Each structure stands twice: as C-alpha cells, then as structure tokens.
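These notes are about the structure you will find just below.
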Amino acid sequence: MARPGKNERAPVIVRRQEVVEAGHHGGAWKIAYADFVTAMMAFFLLMWLVNATTEAQKRGLADYFAPMNPLGKVTTGSGQPFGGKTLANEGRLVSEGTYATPMQRLDPSASLDETDDEAAAPPMRRIPAPRNDPARPVARPVADDLPNRPERAALAEAAERIRAAVRAEPALEALSRQLLIEEVPEGLRIQVVDGEGQPVFATGQAAPNERGRALLQRVAGVLASMAEQVEVTGHTDSTPFRGDSQRTNWELSAERANSIRRLLVDAGVVEARIRAVAGRADRDLLRPDQPFDPANRRVGILVHMKAASGRSP
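Just so you know, numbering that gives the first Met the number 0 puts 139 at position 140 of the sequence shown, and the rest follows in order with no gaps.
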C-alpha cells in the first residue's frame, strides 16, 4: 500500500456528544417544608403562651373575644334589661298587669266552708311596673310575710321616685339598665353595677366617673328626703388588683363605698343616718357562677326599715 504524500492530510475524526436536558426538578417540597416548620413554631409558641398566662388573663382574653351580657349570657329576652331574667325569688314571678295569689295549705280536718273562706283571701300586693321601662329592671313583689307594711309602702314610693328621676334624664338612659332596685326583708336595696363597656368607676379608681356620679346623684337626691338609715357597701369581681402590691380589692371596695358615702352627704343625707360603710371585695358576688363578670363590680345602698333619729333637711 502506498504511503500518502507529504501534502496529503490525515482525516480528522470529530466526536460530538449530544446532551439532552433532563426535566426540571421543582422546589415544591421546600414550600411544604417551610409551612411545616412555621406551623411547628406557631404551635410551640402557643404552648408557651398558654403555660405563661394566668387564669385571670385567660378569662380576660375570653371576655374580650366573646363579650357577655353584663347580667348573664342568655338566649332569650334579647334587648331587655335582664335578658328574660329577674332577681326576684323563684315562685313569686307574675305577669305584667296580674297579681300572684299565694298558695293556701289545706287542713284535712277543716270543713269545706272554711276552705272556701281561705281561698277568698285578698291576693298578694305587688309594685306595678309599666312594660318596656328600662329604668325599672327589678320589681320584687311585696309578700304578706314581710313586716312593717306601712313602711314598705314608703319604700316602694321611694323606688318609684328614683326611677322617675332617672327616666327624666335622657343622658342616663344607657346607665338606667345598670340600676337595680329591689325590696328585701331589711328594707330597700339599690345597686349600681358595671356594664360591658359602661363602667361606673374607672379601673382602680375610688371615685365614680362622670356618668356614674350623675346616676348616683339622682339616687342620693331621693334618699336625702327620707328618714331611714342607710348602709353603703362596695363590691369588686374576683380579678386580682394590678396596682400597688400593698393595695387589694378590699381597699378598693372600701374606698369606693366611702366615696359614695361622701356623695350622699353632699346631696343632703344627714351623717347620722349612715349606719355602716364597708368594702366587701368579691365576697358577695352578684353572679357567683361568673366571678369575673363586670356586673359583680358594683356599689350597694341598703335603706333600712327602721327610721333614724335625725332627718334630712
């Protein structure tokens, strides 16, 4: 075989490798992993907050996100002062415009004529109240077993005058639902309670706010014209006092009661008629089943049956 000449070139072999791109591997797993890590972080943060929060703070948060009626969580009677409830004793509730007839115990040895005479006894008297009157949330019937019926009539008249004084002031219409008046064996109990978003006292303060003072002055104006002795009490809910560590709900409730005493005296109530001024803290809750309810924060004025020696001018 002949050799190639010097001018002839050897063939050049070029090898080319064709590269085929593979499919794109997406990053969806990264997003899923990031969501998982975020969820775990939120979970452990929630567990830490639950462990670090006190019971009172938990109830406060629950009330903030699910506010309750100041006088109870009910499903009927919406829009009414007590939402279908009343502070009157069970068994004494009557419809508007009617009277409750007390049950008579029958003596088996009594004759039929005697039984008919007992059934014809006069019905129990009650304090009438018009319908849909927000200034009259409580009207407890006056039972025949309560003593001093002439004095009871005077107290019922005083209750009517207080309600009329509150109704006469349009600015007090919202607070009138927080005025509770009821007859008790000792006399007439008047209470002004806190409402959701409508406090009578500022937080941690002894003196009532402007609206609360206006309402209490209407009450004091009626009491100044009476002769009975009065007792003033202050009450709080079960929330611990968050101010000075040396000050508790006992001091706060006593200071509020004394503030109301001064308001009564300034309105014309004779000092000698003040029988007692006391702070009860959370010992006499209006709603024992809900110790943190705003309605537990209140001041009470008890007008006793027995008249004091001195009279107001």
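Ideal Cβ placement from N, Cα and C applies to all residues, glycine included. Computed from a predicted model, the values in this text were never measured in an experiment.
Determine the DSSP secondary structure at PRO127, reduced to helix, strand or coil.
Start at 1 with the first residue of the sequence shown, and residue 127 comes out as number 128. Residue placement at PRO127 cannot be trusted, given a pLDDT of 46 that sits under 50; the coordinates are not used to answer.
Pop quiz: ARG274 and VAL229 are said to be a contact at Cβ under 8 Å. What is the actual Cβ separation, rounded to whole angstroms?
Indexing the sequence shown from 1 puts residue 274 at position 275. Indexing the sequence shown from 1 puts residue 229 at position 230. The Cβ separation is near 7 Å, so the contact holds.
Among ASP265, LEU284, GLY233, which one has its Cα closest to the Cα of ALA253?
Mapped onto the sequence shown, residue 253 falls at position 254. Comparing Cα-Cα distances from ALA253 to each of ASP265, LEU284, GLY233, the minimum goes to GLY233.
Exposed or buried, what is LEU48 when buried is set at 16 or more other beta-carbons lying within 10 Å of its beta-carbon?
The residue given as residue 48 occupies position 49 in the sequence shown. By the 10 Å Cβ count, LEU48 comes out exposed.
Could you name the residues of the same chain whose beta carbon sits closer than 8 Å to that of PRO290, not counting the 5 residues immediately before and after it, in chain order?
What you label residue 290 is simply residue 291 of the sequence shown in a count that begins at 1. So the qualifying residues of the chain are ASP236, SER237, ASP281, LEU284.
For PHE200, write down the residues that DSSP places opposite it in a beta bridge.
Start at 1 with the first residue of the sequence shown, and residue 200 comes out as number 201. Bridge partners of PHE200: PRO207.
Under the three-state reduction of DSSP, which class applies to ALA256: helix, strand or coil?
Here the question's residue 256 lines up with position 257 in the sequence shown. Helix.
Counterpart residues of ALA192 in DSSP-defined beta bridges:
As a first step, residue 192 must be located in the sequence shown, where it is residue number 193. A small correction: the amino acid at residue 192 is Val; Ala does not occupy that position in the sequence shown. VAL192 pairs with ARG297.
List the endpoints of the continuous alpha helix (DSSP H) containing ALA41.
As a working mapping, residue 41 is identified with position 42 in the sequence shown. 27-51 is the span of the alpha helix (DSSP H), which, as asked, contains ALA41.
In chain order, what residues of the same chain lie with their CB nearer than 7 Å to the CB of THR247, ignoring the 5 residues before and after it?
Position 248 of the sequence shown, counted from the start, is the residue given in the question as residue 247. For THR247, where only same-chain residues beyond five positions count, the Cβ hits under 7 Å are PHE240.
Strand pairing of ILE180, partner residues [DSSP]:
For the purposes of this step, residue 180 is taken as the residue at position 181 of the sequence shown. DSSP, once it has assigned bridges, lists ILE189 as partnering ILE180.
Would you check if the distance between the CB atom of ARG217 and the CB atom of ILE180 is smaller than 8 Å?
By one-based count along the sequence shown, residue 217 stands at place 218. By one-based count along the sequence shown, residue 180 stands at place 181. No, the pair does not count as a contact, with Cβ atoms beyond the cut-off.
Quick check on ILE161: does DSSP put it in helix, strand or coil?
Locating residue 161 in the sequence shown gives position 162, where the first residue counts as 1. Here ILE161 sits in helix by DSSP.
Do you know offhand how far GLN210's Cα is from LEU45's?
Here residue 210 refers to the residue found at position 211 of the sequence shown. Here residue 45 refers to the residue found at position 46 of the sequence shown. Correcting the residue identity first, residue 210 is Arg in this sequence and not Gln. Between ARG210 and LEU45, the C-alpha separation is close to 40 Å.
Once the 5 residues before and after ARG297 are set aside, which same chain residues still bring their CB inside 7 Å of it?
Here residue 297 refers to the residue found at position 298 when the sequence shown is read from its first residue. Cβ within range, chain order: GLN190, VAL191, VAL192, ASP193, HIS234, LEU285.
Start and end of the alpha helix (DSSP H) containing ARG58?
Here residue 58 refers to the residue found at position 59 when the sequence shown is read from its first residue. Counting along the chain, the alpha helix (DSSP H) containing ARG58 begins and ends at 54-64.
Quick one: what does DSSP say PRO10 is sitting in, helix, strand or coil?
Position 11 of the sequence shown, counting from 1, holds the residue named residue 10. If DSSP states are grouped into helix, strand and coil, PRO10 belongs with coil.
Going by DSSP, which residues form a beta bridge with ALA277?
If you number the sequence shown from 1, residue 277 lands on position 278. Its beta-bridge partners are THR232.
So, for SER197: in the same chain, excluding its five sequence neighbours on each side, which residues have a beta-carbon less than 6 Å away from its beta-carbon?
Counting from 1 along the sequence shown, the entry for residue 197 is found at position 198. One detail in the question is off: residue 197 reads as Gln in this sequence, not Ser. If we look at GLN197 and ignore the five residues flanking it on each side, it has no Cβ neighbours.
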